[in-house]
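From first to last, the protein sequence lines are chains A and B. Reminder that position 28 of the first sequence reads as 281 in my numbering, one-by-one numbering, no gaps. Reminder that position 688 of the second sequence reads as 1031 in my numbering, one-by-one numbering, no gaps. Even for Gly, the Cβ is constructed at its ideal location relative to N, Cα and C. Predicted model only: the values in this text are computed from it and were never measured.
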Amino acid sequence: MHNFKSVLDINVNGTMHTIEVKNNWTLLNVIRDELGLTGTKCGCNKGECGACTVLVNGKPILSCLTLVVSAQGQEILTIEGLLKDRKLHPIQQSFIERGAIQCGFCTPGMIMSAKALLDSNPRPSEAEIRAGINGNLCRCTGYAKIVEAIMAAAK
Amino acid sequence: MKTERKGQHLVIGKRIPRVDASEKARGEARFVDDITIPGMLYGATLKSPYAHARILSIDTNKAEKLPGVKAVITGKDMIDSKRCIFSEIVPVWEDKLPLEIEKVRFIGDEVAAVAAVDLKTAERALELIDVKYEVFPPVLDPEKSMEANSPKIHDKDSNISIEIHYDFGDVEGGFGQADYTFEDSFRTSHQAHCCMETHGCIAEWGDDGRLTIWATTQRASSYQRELAKVLGIPYSDVRVMKTSVGGSFGSRMSLHTVEPICAYLAKKAGLPVKLVYNRDEEFVSSRTRHPAIIEIKTGVKNDGIIIAREAKVILDNGAYNDLGPKVLHEVATLLCSYYKVKNVRVNGYLVYTNKPYGGAFRGFGNPEVAFAVESQMDIIANKINIDPVELRLKNASDPGDVTACGWEITSCGLKECIEKAAAAIGWEKKRRRANNHGVGIAACIHWGGGLRVGESDFCIAVVEVNNAGQAYVFTGEKEVGGGSDTIITQIVAEELGISPKVVRLMPLDTDVTPSFLFAGSPTTFVAGGAAKAAASDAKRQILEAAAGMKAINIKELDILDGYIYDIRSHMKLLPVSEAAHFSYEIMGIPIIGKGCFNQGPTQYDMETGRGQLSPTYSFAAQAVEVTVVPENGVVEVLEFACAHDCGMGINPTMAEGQIEGGLAQGIGYALTEGLAFNNDGKALNSSFTDYRIPRAKDMPKKINSIIVETKDSKGPFGAKALGETSMVPTAPAIANAIEDAVGVRIKELPITPEKVVKAFYLDS
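Here it is, written out as structure tokens:
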């Protein structure tokens, strides 16, 4: 089964890609290894840490648990897609200003979860923010400044 | 525009954003697994399924024949098979081969490795390697392991790797004078670092026989030397390159098996190899915090003054030493240095067991010590009816004190930390409240300068100022998340009098950036000290050029905001770039400042434990408010107040980040974290689902970080270490708060709901 291949058309960060994939590849594999977009990280490869979070049609998903074949025809947004003409997204800017980044490994996934949250709930409470990023593990920051940064970006 | 400094800092103490924040926010920071080298192969390691076994044979034939496999190695392939992972301090402590040859000593111990064209092929090849073992019963309990008739794990007569016996003052006399004697036993858990990035390495050999590595390292220069030693090549033939590192917390402080294995695979394959652990491997095959059993006997006078202390420590080494011996020494000297008590005896044992082995982990033994000492302080306070804050203040160290084992305390804000943390949490109001609410406090001492792990605490820096007035900093320090790159930038900018925006830290490359033989939280102290010295030297050269240009005595000149000005007249004279240009192009002298920070030979005797461990010490106190539900044992952490004497907060935002991050690890240590093993020695919770680290919803909504500035004379701009202390008092503070809330005293970490329920309903 795992030698079967497919040809996919997927839209990543606004660009259409036609690529040949193996049916057992995950979206994370393809984003990182085939498309060279290494901003999205692999923290556990089993959906427990959130480092691989990307947006598919605006919804946050764990790309390490998503088979790439299911991304056919979908719109995928990764951390690299947040830059507009090399300008930082307000969430990215807020993370930088508020000291919400230390080692940076959880940051891309965290920012994508934050974007999904704010896109669906532009004025979240602190409890809603914590719930929104509860699937993104961070070992460095204790989450305090991440929550502050998301709160500030919401205003 | 300002024309004089007036003793104020321009950049130090300011909340400037981290210099690496933008690339990380964009996802452009390059971690090991983000890097690809042309022709690169993928490596994987074969681990022992048994906790204790002799290796009878390893047959790699089938694996070698699998299409796509380019190299298979076992321990016997590695040069001069006796080269151990360098344990750094004392050669007799070295006991770990990168790939074991004779015995395996824990589930996760590596015996073979494969490099192939892709990871799946490498993993398939591992399944084809046939290893025959003679299985022995595993020894998992350190107290049983110490017994004379226990199966021996190493080729030694005893499973006690090292033991130490420290004795200061008159312990018998002290207990003789005590009005109360307290004896309590505490146990701490097997904490895993859980860095978000797993261990990884890329190794590439050049035609000239030189090795280049990109790896998850915390200390480039030391890795260079250690790896060279294991590989049997001169250290100048090993080149360590910059990577962003996804956390370390001590797990990347000493060479791991990953780097030499990867280097060997690359050598045999004749191609670069990338070897990255998956998350399961990271949990069991990387190092952990040592579980500790600490029995502590304390003699106290009626007025609360601690008069004598005796402790027995059993540190569960796991299968190998790594930095365990050094951790035991730190545990012992820490036990001798909490508070003013002069009569202290410590008997410590580092005991092998067939489990993942311990190494450096934030706090380096102090979280274990603090749990015991600071939990017992509250037991004492409750018994003799003195408020826990009062008891600590009565016994707290002062500036100028010398601890029982000879730590000479210079700056000391311990009392201020205790008072501020208590006040901030609302101690008076909230203590002994009803409704299962409680507050607790704990304090600590910690090394504030270098620690001398190895020959360490030696750093060189070079600051070049070009003819555009921009500064390039060459330092061997390695950013692993704590923000040292930014601190160095601020220190250099402050010293030179220029904007941090024109200070650039050169990417680490041991071919270019000079030596740095230490890293960990005293990075600010050691690397910052060197950078400050180098910047000062560069500044002198700039002013020399300016003095020559303007015919003014150099003593009358200073630099501010990128301009050289006359101190007497407050007149702006010329920009730094002009003086630099003059120096380069007219005088033919480049502006290159050199600085060295060298702590000097150690004054501390490991044999007796006596002496000055560090040039300075940091202090902290953390107070916490919790609520406990006795019916299900759930503890909710509501609020923390953390007061830290780190000398000076060079970047307050980053200092808070260190406190908040350490606090999270401390909360995990207190309530949820610890590897659990079955009777075969297999880890039962080696995944994020079962090994629970704090998530966003688990953290207290309010964290009050208070920096107490005692401005130590030895640190750069008065700074002392901060990064480790943030998780030291956390667990005992929580244990003390639980006692305040529901009257149960838990002496074993983690304080799980089961333990709380059992203690509440059965034991009280």
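{"Check": "Answer yes if the segment 944-957 of chain B comes into contact with the segment 969-982 of chain B, meaning at least three C-beta pairs across the two stretches below 8 Å, and no otherwise.", "Outcome": "no"}
{"Check": "Is B:Val823 close to chain C? Criterion is C-beta to C-beta, closer than 8 Å.", "Outcome": "No chain C is part of this structure, whose protein chains are labelled A and B."}
{"Check": "When we look at the beta-carbon of B:Asp828 and count the other beta-carbons within 10 Å, is it buried (16 or more) or exposed?", "Outcome": "buried"}
{"Check": "Exposed or buried, what is B:Asp376 when buried is set at 16 or more other beta-carbons lying within 10 Å of its beta-carbon?", "Outcome": "buried"}
{"Check": "Starting from the C-beta of B:Gly826, find all residues in its chain whose C-beta is less than 8 Å away, skip the five residues before and the five after it, and write them out in chain order.", "Outcome": "Arg361, Asn994, Met997, Gly1000 and Gln1001"}
{"Check": "In chain A, what lies closer than 8 Å to B:Met539 by C-beta?", "Outcome": "Lys294, Gly296, Cys302, Ala304, Cys356, Phe358, Cys359, Leu390, Cys391, Arg392 and Cys393"}
{"Check": "How many angstroms separate the CA atom of B:Lys821 from the CA atom of B:Gly647?", "Outcome": "45 Å"}
{"Check": "Measure the C-alpha to C-alpha separation of B:Lys413 and B:Val474 and round it to an integer number of angstroms.", "Outcome": "20 Å"}
{"Check": "Between the segment 1003-1019 of chain B and chain A, which residues of the former have a C-beta closer than 8 Å to a C-beta of the latter?", "Outcome": "Glu1003, Gly1004, Gly1005, Leu1006, Ala1007 and Gln1008"}
{"Check": "Let's test the definition: count the other Cβ atoms within 10 Å of the Cβ of B:Ile902 and tell me whether it reaches 16, buried, or not, exposed.", "Outcome": "buried"}
{"Check": "Distance cutoff 8 Å, beta carbons only. Does B:Asn621 sit that close to anything in chain A?", "Outcome": "yes"}
{"Check": "Alpha carbon to alpha carbon, how far is B:Ala814 from B:Val845? Give it in angstroms, no decimals.", "Outcome": "6 Å"}
{"Check": "Please confirm whether B:Phe1031 has its beta-carbon closer than 8 Å to some beta-carbon of chain A.", "Outcome": "yes"}
{"Check": "Looking at the strands, I want to know which residues DSSP matches up with B:Gln719.", "Outcome": "None, per the DSSP bridge assignment."}
{"Check": "Is A:Glu273 close to chain B, meaning its C-beta is less than 8 Å from at least one C-beta of that chain?", "Outcome": "no"}
{"Check": "Below 9 Å on C-beta distance, what does B:Asp376 contact in chain A?", "Outcome": "Arg285, Thr291, Lys294 and Cys295"}
{"Check": "Just to make sure I have the definition right: I need the residues of chain B whose C-beta is within less than 8 Å of the C-beta of A:Asn387. Which are they?", "Outcome": "Arg1038, Ala1039 and Lys1040"}
{"Check": "Return the chain-ordered ranges of every beta strand (DSSP E) run that is complete within the segment 464-512 of chain B and spans a minimum of 3 residues.", "Outcome": "473-478 and 503-511"}
{"Check": "Listing by chain order, which chain B residues have their CB less than 7 Å from the CB of A:Arg383?", "Outcome": "Ala1039 and Lys1040"}
{"Check": "Just to confirm before moving on: does the CB-CB distance between B:Glu547 and B:Thr541 stay below 8 Å?", "Outcome": "no"}
{"Check": "Taking the beta carbon of B:His352 as the centre, do at least 16 other beta carbons fall within 10 Å, making it buried, or is it exposed?", "Outcome": "exposed"}
{"Check": "DSSP state of B:Pro1093, grouped into three classes?", "Outcome": "coil"}
{"Check": "Going by DSSP, what residues sit across from A:Met269 in a beta bridge?", "Outcome": "A:Asn264"}
{"Check": "Select from A:Met363, A:Val283, A:Lys312 and A:Cys317 the residue whose C-alpha is nearest the C-alpha of A:Asn298.", "Outcome": "A:Cys317"}
{"Check": "What do you get for B:Gln520, buried or exposed, if any count of 16 or more other CB atoms within 10 angstroms of its CB means buried?", "Outcome": "exposed"}
{"Check": "B:Asp527 by DSSP, collapsed to three states: which one?", "Outcome": "strand"}
{"Check": "Quick one, which residues of the segment 314-340 of chain A are near chain B if we go by CB-CB under 9 Å, in chain order?", "Outcome": "Thr331, Ile332, Glu333, Leu335 and Leu336"}
{"Check": "Mind checking whether B:Asn686 and B:Phe511 have CB atoms under 8 Å apart?", "Outcome": "yes"}
{"Check": "Just checking: is the beta-carbon of A:Gly267 within a distance shorter than 8 Å of some beta-carbon in chain B?", "Outcome": "no"}
{"Check": "What's the C-alpha gap between B:Gly411 and B:Leu598?", "Outcome": "29 Å"}
{"Check": "If you measure from the beta carbon of B:Gly793 to each beta carbon in chain A, is any gap under 8 Å?", "Outcome": "no"}
{"Check": "Return the CA-CA distance between B:Met1042 and B:Ala1007, expressed in angstroms with no decimal places.", "Outcome": "7 Å"}
{"Check": "Using only alpha-carbon positions, find the residue among B:Ala372, B:Phe525 and B:His536 that is nearest to B:Gly1009.", "Outcome": "B:His536"}
{"Check": "Taking 8 Å as the CB-CB cut-off, is A:Val260 touching chain B?", "Outcome": "no"}
{"Check": "Give the secondary structure of B:Gly1017 by DSSP, where H, G and I count as helix, E and B as strand, and everything else as coil.", "Outcome": "coil"}
{"Check": "Which residues in chain B sit within 8 Å of A:Phe348, going by Cβ to Cβ distance?", "Outcome": "Ala364 and Ala368"}
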